[in-house]
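Okay, structure first, notes after.
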Amino acid sequence: MIDKTVSSLEEAVAGIFDGATVMIGGFGTAGQPAELIDALIAQGARDLTIVNNNAGNGEIGLAALLKARRVKKIICSFPRQADSQVFDALYRAGEIELELVPQGNLAARIQAAGAGLGAIFTPTGYGTLLAEGKETREIDGKHYVLEYPIKADFALIKALKGDRWGNLVYRKAARNFGPIMATAADVTIAQVSEIVPLGDLDPEVIVTPGIFVQRVVAIGNAVAQAA
Amino acid sequence: MIDKTVSSLEEAVAGIFDGATVMIGGFGTAGQPAELIDALIAQGARDLTIVNNNAGNGEIGLAALLKARRVKKIICSFPRQADSQVFDALYRAGEIELELVPQGNLAARIQAAGAGLGAIFTPTGYGTLLAEGKETREIDGKHYVLEYPIKADFALIKALKGDRWGNLVYRKAARNFGPIMATAADVTIAQVSEIVPLGDLDPEVIVTPGIFVQRVVAIGNAVAQAA
Amino acid sequence: MNKLTRDQMAERVARDIPEGSYVNLGIGLPTKVANYLPKEREIFLHSENGLLGMGEAPEPGEEDPELINAGKEPVTLLEGGSFFHHGDSFAMMRGGHLDICVLGAFQVSATGDLANWHTGAPGAIPAVGGAMDLAVGAKQVFVMMDLLTKTGESKLVDACSYPLTGVGCVDRIYTDVAVIDVTPDGLVVRELVEGNSFDELQRIVPVPLKLAPLAAAA
Amino acid sequence: MNKLTRDQMAERVARDIPEGSYVNLGIGLPTKVANYLPKEREIFLHSENGLLGMGEAPEPGEEDPELINAGKEPVTLLEGGSFFHHGDSFAMMRGGHLDICVLGAFQVSATGDLANWHTGAPGAIPAVGGAMDLAVGAKQVFVMMDLLTKTGESKLVDACSYPLTGVGCVDRIYTDVAVIDVTPDGLVVRELVEGNSFDELQRIVPVPLKLAPLAAAA
């Protein structure tokens, strides 16, 4: 019997190694797997490259990981926010590397990794700073920039429900990057509000099929009272 | 009030012009929008380029469209089947053009069109007849072929339920090409077993959001008794 | 010159959004447009974080931290709305499925180049989000901005001095003093706020303008 | 030489599929492998038309024309299975998410080139389906074929004469007389059907073979 559920957050983040590339789901705090991030901080892996839409909010979650000095580089689209003070300070001090990627290219590059494409010509960013030094091409009268896949060793994501095969469904706008990050990491680790028996999730509504998920951990349904 | 539902198959296929590129959903007969195809035959458009996984089965649906001599060219992955006699005869007589595309490249090229990419480097087909004359590139030690998007003027697809905003859900393996073709056509026309009131489809389980659908027509639930 | 308030600008943009449009309203000023879309007109608001059919702000106390817009403010979802992941959301944007996006701007050039994400100032931390995807992807790109900076310089320029968001992507500019189209023949003033004259406008904009009001501008 | 029947070949392949594997069984002979997967072992069968967790053939009368496999035969879905569209399905294949695919073959070369979609015969109507995606995408590509053609020629060849499906993609070949791995050091015989000798095998295969049985082959 295959059972991808693990019984502790510690077990969930086991094996994340120094220098790993780790995708972290979420758009701001919606969909951010805060408990998994806390477990990663406790686990101790350092020199991480983080892929996330943002660069942390306030002092919790991703911001706390940054504050613990575990992150060497962040690949994101929107670091600067009203409450991104942790990142801002590290960045200004030259203590974190930033690769700024337009949000749609971030999504498309993650998808390209998950789908096994070698590279994509995307229109986004053509003629801008963010395409400097990149190969471009005119196709049918429109300009495109060549962008490469973003793969990860691990993905930490948050879903609403999961089962022992790793099937996942999400909740509202917390879905955001979860389903695509799950496809692009060697080991995808999902925190869910509830682990349900196999067969409980309707095969028509499963958003992330279990093939993309290696570990599932339940964190209780504190965040999903409305589900 | 926006109402994308139309009351007849005739209205559903109105405006499909001679020479149009038309995507038709389905994998064999599962998900094939047979009633829309019959309506297209009655409508009379000719010199069509058809994009489908197959090239018709038996004498109905897509095979009937071919038999009516409305198709100039077919883009597909698997034309030859036990019951593809209509296509076989036209092809052998030189009366239909075939662009053979590996199934995954067909899907990826349709997705690229829907997502606004200019081209993709795909590993599928490298070193084969189907990549002859195409640009290739080695990326990180692996070989890729450059493939371009496949767009369409119209897509005819089959779904289980739809609403007046064009939101769709599908049924089992009849989903196949429907959701991706919907993204890649200027005008996507969906036949559904049932039109439901707005709000009946759970926002979490809508597979094709209405933005990708221009017309919805109900054909009764003859095929969906198990739904 | 007479100037529209920010709310009047939002109301002006809202008037030009037809029923049935798929629309993305950028963070900041453009978000205000939602307040002026007539209730009887069905317009589909898209938010890049995976929502279509976005509704109004929730009642106080009804906020859901997992139901937010691209500006990370609580929103609601209309009946008929849907949720999807970031890949699908940006396919909608980049794939030309949005009819209109409305963006703020630091500068717009005479040829429709847009600068709205980065001042280029030393020490500034850049953040781009989905702006570049909207700029290249939407069928029509509307910009909404005051014509002048706080220090009185025209934000409508010959060539942007700030880093670009997109090249030649802007279709129409709603300013506090006039509505201006970017056309193959250059910038064309379609509408002047009541009391403003074309000559007055041309004096403060360092790019040649033409005057060609739209018959059905309202 | 002693030869396995087609069912024995299917049984042999099935033995090598570990619990928890994500597996795609190609159309034709490979489909038989499903019949020999031990019921107590949870293995996830993928079908490129959008199924994961495919089950057995339905009872007669229970067939659903919208629940079919890639060979367009009626199947069932296990509890825990899921449906998805062709884009996602081929992302699973091309993106390296399948552990194993099992494909039939016309020919396999000494370096693991695969030919299984087209005889190249004049007048033949080619059809490729998902074979090329499986060949490049699965972590391990197993081929399942009789060693000899009906006219007695080796299907294991120095270089394929039929049009290729994929270059250097095959990892292991299950034939009716032996199991052979494609390795950086060439073709290595891992297992001979009982009663067959290596020398005998080498005599009919026009490519140099090595013998290196796997300790834990069964």
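Chains as they are written, first to last, in the working numbering: chain F, -19 to 207; chain E, -19 to 207; chain B, 16 to 233; chain Z, 16 to 233. C-beta atoms are modelled at their ideal positions from N, C-alpha and C, and glycine is treated no differently.
- Per DSSP, F/G142 is one residue of the beta strand (DSSP E) stretching across A132 to G142.
- Of the residues B/G65, B/N64 and B/Q23, the one whose Cα lies closest to the Cα of B/A49 is B/Q23.
- At a C-beta separation below 7 angstroms, F/G96 has these neighbours in chain E: P103.
- Listed as beta-bridge partners of B/L226 by DSSP are B/V204.
- In this chain, the beta strand (DSSP E) harbouring B/G96 covers L92 to F98.
- When rounded, the separation of the alpha-carbon atoms in F/S173 and Z/F121 is 50 angstroms.
- Interface with chain E (8 angstroms Cβ-Cβ cutoff): Z/T180 is included.
- For F/N85, the enclosing alpha helix (DSSP H) stretches over residues Q83 to A95.
- Between the stretch 142 to 151 of chain E and the stretch 81 to 90 of chain B, the count of Cβ pairs shorter than 8 angstroms is below three; the stretches do not touch.
- Below the 7 angstroms Cβ cutoff, chain B contributes F98 as neighbours of E/E184, in chain order.
- F/G179 belongs to the set of residues whose beta carbon lies under 8 angstroms from a beta carbon in chain Z.
- Assignment of B/V48 by DSSP, reduced to helix, strand and coil, places it in the helix class.
- For B/Q23, the secondary structure class from DSSP, reduced to helix, strand or coil, is helix.
- B/M69 counts as buried, since no fewer than 16 other beta carbons sit within 10 angstroms of its beta carbon.
- Among the bridge pairs identified by DSSP, B/L129 is matched with B/V123 and B/G181.
- By the C-beta criterion, the stretch 154 to 174 of chain E is judged not to be in contact with the stretch 102 to 112 of chain E, since fewer than 3 inter-stretch pairs fall below 8 angstroms.
- In this structure, DSSP gives Z/A193 an extended state, which the three-state scheme calls strand.
- Residue-level contact by beta carbon fails for F/G200 and chain B, as no gap is shorter than 8 angstroms.
- The continuous beta strand (DSSP E) containing Z/M69 extends over residues L66 to M69.
- For B/M16, there is no enclosing alpha helix (DSSP H), since its DSSP letter is neither H nor E.
- At a C-beta separation below 8 angstroms, Z/A106 has these neighbours in chain F: Q91, G94, A95, G96 and T163.
- Secondary structure at E/L45: helix, using DSSP grouped into helix, strand and coil.
- Between the stretch 106 to 119 of chain Z and the stretch 165 to 173 of chain Z, the count of C-beta pairs closer than 8 angstroms stays below three; the two stretches do not touch.
- Here the C-alpha atom of B/G138 lies approximately 50 angstroms from the C-alpha atom of F/P183.
- Residues of chain B with a Cβ closer than 9 angstroms to the Cβ of F/Y106 are, in chain order, M147, V151, G181 and V182.
- Looking at the backbone, the Cα of B/K170 and that of B/V123 are separated by about 6 angstroms.
- With the criterion set as a beta carbon lying under 9 angstroms from some beta carbon of chain Z, the members of the stretch 65 to 80 of chain E are F67, D68, Y71, R72, L78 and L80, in sequence order.
- Shown here for F/I17: same chain residues with a beta carbon closer than 8 angstroms to its own, the five before and five after excluded, namely I4, G41, L42, A44, L45 and L136 in chain order.
- Along the stretch -2 to 20 of chain E, none of the residues has a CB nearer than 7 angstroms to a CB of chain B.
- Its Cα nearest to that of B/L149, the residue B/T180 stands out among B/T180, B/C175, B/A136 and B/T134.
- Residue pairing by DSSP places F/R117 opposite F/Y124 in a beta bridge.
- Below the 7 angstroms Cβ cutoff, chain Z contributes no neighbours of E/R117, its closest Cβ being approximately 15 angstroms away.
- Under the 8 angstroms Cβ criterion, the stretch 212 to 228 of chain B does not count as touching the stretch 30 to 37 of chain Z, having fewer than three qualifying pairs.
- CA-to-CA, the gap between B/N39 and B/R27 works out to about 16 angstroms.
- Residue burial is scored here from C-beta neighbours: Z/N17 has fewer than 16 other C-beta atoms within 10 angstroms and is therefore classed as exposed.
- With the rule of 3 Cβ pairs closer than 8 angstroms, the stretch 54 to 61 of chain E does not count as touching the stretch 61 to 77 of chain F.
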